[in-house]
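Per numbering that gives the first Met the number 0, the very first residue in the sequence shown carries number 0; after that it's consecutive.
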Amino acid sequence: MTSLYQPMDAAVVPRFAGPASFMRLPVVASAAGLDIALVGIPWDGGTTNRPGARHGPREVRNQSSLMRRANHHTGVAPYDLIAVADVGDLEVQPIDLMAALRQIEAGIAAICAEGAVPLSVGGDHLTTLPVLRALSRARGEPLGLVQFDAHSDTNDRYFGDNPYTHGTPFRRAIEEGILDPKRMVQIGIRGSVYDPDEHGWAKAQGIRIVYIEECAARGPEAVMAEARAILGDRPAYVTFDIDSIDPSMAPGTGTPEIGGLTSREAQAMVRLLSGLNVVGADVVEVSPPFDLGGITALTGATILFELLCVMAEGIDQRRRGPPGV
Ligand code: MN
Ligand code: MN
Numbered sequence: 000m001t002s003l004y005q006p007m008d009a010a011v012v013p014r015f016a017g018p019a020s021f022m023r024l025p026v027v028a029s030a031a032g033l034d035i036a037l038v039g040i041p042w043d044g045g046t047t048n049r050p051g052a053r054h055g056p057r058e059v060r061n062q063s064s065l066m067r068r069a070n071h072h073t074g075v076a077p078y079d080l081i082a083v084a085d086v087g088d089l090e091v092q093p094i095d096l097m098a099a100l101r102q103i104e105a106g107i108a109a110i111c112a113e114g115a116v117p118l119s120v121g122g123d124h125l126t127t128l129p130v131l132r133a134l135s136r137a138r139g140e141p142l143g144l145v146q147f148d149a150h151s152d153t154n155d156r157y158f159g160d161n162p163y164t165h166g167t168p169f170r171r172a173i174e175e176g177i178l179d180p181k182r183m184v185q186i187g188i189r190g191s192v193y194d195p196d197e198h199g200w201a202k203a204q205g206i207r208i209v210y211i212e213e214c215a216a217r218g219p220e221a222v223m224a225e226a227r228a229i230l231g232d233r234p235a236y237v238t239f240d241i242d243s244i245d246p247s248m249a250p251g252t253g254t255p256e257i258g259g260l261t262s263r264e265a266q267a268m269v270r271l272l273s274g275l276n277v278v279g280a281d282v283v284e285v286s287p288p289f290d291l292g293g294i295t296a297l298t299g300a301t302i303l304f305e306l307l308c309v310m311a312e313g314i315d316q317r318r319r320g321p322p323g324v
């Protein structure tokens, strides 16, 4: 099946021309009829240090014009398998944090109600919390999580008694019962911490934290084989914080930490998500004001394409049913 929704043909309209949309796909008014909805969440009100991720969706759209139709390594051609388009940005205002979280949740709930799976571009990492709220409610169960990140994002409070920042979303999600911590894997964690026991709470919940040192020692295949075993075949969300990648390759982000994944390792790891039941995914924390020559937005766009390929392949396989039936 070739979907109705195809990227603009680069042989007709060159890559640098035309309006910028995710993967040069059509921009549509609703997710009805789509398998996957590419959506921007231009909001960085949860940022604790360097801001700018609100500009992420627009620049990732721009750089995604460099993506072609098919994955050279896996052979997946997503637009031949599923219906995917750009549904634009969620309606979200920049001033009132609690109102913004409600707006994001409502926007994702609408995408779910139309039967599509959200693949979003943030925005800071707090945007993932309302996305998880909507998805978990739509599916009626807590989700598993694969998180690529330099940071665990399971801190409790900031600046006094503030529970909602981009350093706290996964603690809140566990407390709210929308993530199952025993089906959570955090990959690439590193950097100086506020306290030697900073990740004690996360580990006590059962989260599997794969620090960057272990990642480097074991390699992508072993790490992702373990992640797939932990997640199993139940619904899983994938969140990709661009700061998981080394700042020499992805400098445009709010909280850079040296010694990170290479972009090639990150691509390999995302491809090795294949086989999981991915019910939603995102790329977050691309901050164009801190970027250099668009390299971080390009990296974000490429990871977005890799996620799209893995999700398209999974949807297509589930639609066909188990082999031999
Ligand atoms: Mn994060
Ligand atoms: Mn991070």
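Quick reminder that beta carbons are idealized off the backbone N, C-alpha and C, glycines included.
> How many angstroms separate the CA atom of D160 from the CA atom of N154?
Replying inline: What you label residue 160 is simply residue 161 of the sequence shown in a count that begins at 1. What you label residue 154 is simply residue 155 of the sequence shown in a count that begins at 1. Spanning the two alpha carbons is a distance of roughly 12 Å.
> I188 and D245: beta carbons closer than 8 Å?
Replying inline: For the purposes of this step, residue 188 is taken as residue 189 along the sequence shown, with counting starting at 1. For the purposes of this step, residue 245 is taken as residue 246 along the sequence shown, with counting starting at 1. Result no, Cβ atoms of I188 and D245 do not sit closer than 8 Å.
> So P234 packs on E104, CB below 8 Å; how close in whole Å?
Replying inline: Residue numbering aside, residue 234 sits at position 235 when the sequence shown is read from its first letter. Residue numbering aside, residue 104 sits at position 105 when the sequence shown is read from its first letter. The pair is not a contact, with the Cβ atoms about 17 Å apart (cut-off 8 Å).
> So what does DSSP say about F169, is it helix, strand or coil?
Replying inline: Indexing the sequence shown from 1 puts residue 169 at position 170. Helix at F169.
> Within this structure, are the beta carbons of A265 and Q62 separated by less than 8 Å?
Replying inline: For this step, residue 265 is matched to residue 266 along the sequence shown. For this step, residue 62 is matched to residue 63 along the sequence shown. Contact: no.
> What residue range is occupied by the uninterrupted alpha helix (DSSP H) comprising R101?
Replying inline: Here residue 101 refers to the residue found at position 102 when the sequence shown is read from its first residue. Here the alpha helix (DSSP H) through R101 covers 96 to 112.
> What is the residue span of the beta strand (DSSP E) that V282 lies within?
Replying inline: For this step, residue 282 is matched to residue 283 along the sequence shown. From DSSP, the beta strand (DSSP E) with V282 extends over 277 to 283.
> If you measure from the CB of T295, is any heavy atom of ligand 2 nearer than 7 Å?
Replying inline: As a working note, residue 295 is residue 296 in the sequence shown. Outside the cutoff, so no.
>> Using only CA atoms, which one of R156, L271, G143 lies nearest to M223?
In response: Start at 1 with the first residue of the sequence shown, and residue 223 comes out as number 224. Nearest C-alpha to M223: L271.
>> By the DSSP assignment, the beta strand (DSSP E) with G39 in it spans what residues?
In response: Taking the sequence shown and counting its residues from 1, one reaches residue 39 at position 40. Where G39 is concerned, the enclosing beta strand (DSSP E) stretches over 35 to 40.
> Among the residues of its own chain, which have a CB less than 7 Å from the CB of A31, if the five just before and after it don't count?
Replying inline: To locate residue 31, count along the sequence shown from 1; it is residue 32. Cβ within range, chain order: E113.
> In the structure shown, what three-state DSSP assignment does Q92 receive?
Replying inline: Counting from 1 along the sequence shown, the entry for residue 92 is found at position 93. Note: Q92 maps to coil in three-state DSSP.
> With DSSP run on the structure shown, which of helix, strand or coil describes Q266?
Replying inline: Numbered from 1 along the sequence shown, position 267 holds the residue referred to as residue 266. Here Q266 sits in helix by DSSP.
> Hey, how far is the Cα of D152 from the Cα of G55?
Replying inline: Taking the first residue of the sequence shown as position 1, residue 152 is located at position 153. Taking the first residue of the sequence shown as position 1, residue 55 is located at position 56. Looking at the two C-alpha atoms, the distance is approximately 19 Å.
> Is any heavy atom of ligand 2 found at a distance shorter than 7 Å from the C-beta of E284?
Replying inline: As a first step, residue 284 must be located in the sequence shown, where it is residue number 285. The answer is yes for E284.
> What do you reckon, is the C-beta of T254 under 7 Å from a heavy atom of ligand 2?
Replying inline: Taking the sequence shown and counting its residues from 1, the one referred to as residue 254 is at position 255. Correct: T254 has its Cβ closer than 7 Å to ligand 2.
>> Taking the alpha helix (DSSP H) that M310 belongs to, which residues open and close that run?
In response: Here residue 310 corresponds to residue number 311 of the sequence shown, with the count starting at 1. Start and end: 294 to 319.
> For Q185, which residues does DSSP report across the bridge?
Replying inline: Counting from 1 along the sequence shown, the entry for residue 185 is found at position 186. The partner list for Q185 (beta bridge, DSSP) reads Q146, I208.
> Identify the residues that DSSP records as bridge partners of V26: which are they?
Replying inline: Translated into the one-based positions of the sequence shown, residue 26 becomes position 27. Answer is D85, bridged to V26.
>> At a cut-off of 7 Å, would you count H72 as near ligand 1, judging by its Cβ distance to the nearest heavy atom?
In response: Counting from 1 along the sequence shown, the entry for residue 72 is found at position 73. The answer is no for H72.
> From G313 to G320, what distance separates their C-alpha atoms?
Replying inline: Residue 313 sits at position 314 when you count from the first residue of the sequence shown. Residue 320 sits at position 321 when you count from the first residue of the sequence shown. One C-alpha to the other measures close to 11 Å.
>> Between which residues of its own chain and A249 is the CB-CB distance below 6 Å, once the five residues before and five after are set aside?
In response: Within the sequence shown, numbered from 1, the residue matching residue 249 stands at position 250. Cβ within range, chain order: I241, T295, T298.
>> L96 and Y4 - do their beta-carbons sit closer together than 8 Å?
In response: Here residue 4 refers to the residue found at position 5 when the sequence shown is read from its first residue. Here residue 96 refers to the residue found at position 97 when the sequence shown is read from its first residue. Their beta carbons are not under 8 Å apart, which means Y4 does not touch L96 by this criterion.
> Going by alpha carbons, who is nearest to G51 out of E305, D290, P322, R68?
Replying inline: Locating residue 51 in the sequence shown gives position 52, counting from the first residue. Among E305, D290, P322, R68, the Cα nearest to that of G51 belongs to D290.
>> Rounding to the nearest angstrom, what Cα-Cα distance links D281 and R318 in this structure?
In response: Along the sequence shown, read from residue 1 onward, the residue named residue 281 stands at position 282. Along the sequence shown, read from residue 1 onward, the residue named residue 318 stands at position 319. Near 23 Å, if we compare the C-alpha coordinates of R318 and D281.
> In or out: F304 buried (at least 16 other Cβ within 10 Å) or exposed?
Replying inline: Position 305 of the sequence shown, counted from the first residue, corresponds to residue 304. Result: buried.
> Nearest to T46 by alpha carbon, out of L131, G218, I302, L125?
Replying inline: For this step, residue 46 is matched to residue 47 along the sequence shown. Of L131, G218, I302, L125, the residue nearest in Cα terms is L125.
>> Out of H72, L230, E58, G166, which one is the CA nearest neighbour of V120?
In response: For the purposes of this step, residue 120 is identified with residue 121 of the sequence shown, where counting begins at 1. Selected option, being the one with the closest Cα: E58.
> Hey, V83 and I35 are a contact pair by Cβ (cut 8 Å); roughly how many whole angstroms apart?
Replying inline: Locating residue 83 in the sequence shown gives position 84, counting from the first residue. Locating residue 35 in the sequence shown gives position 36, counting from the first residue. At roughly 4 Å, the Cβ-Cβ gap stays under 8 Å, so V83 and I35 are in contact.
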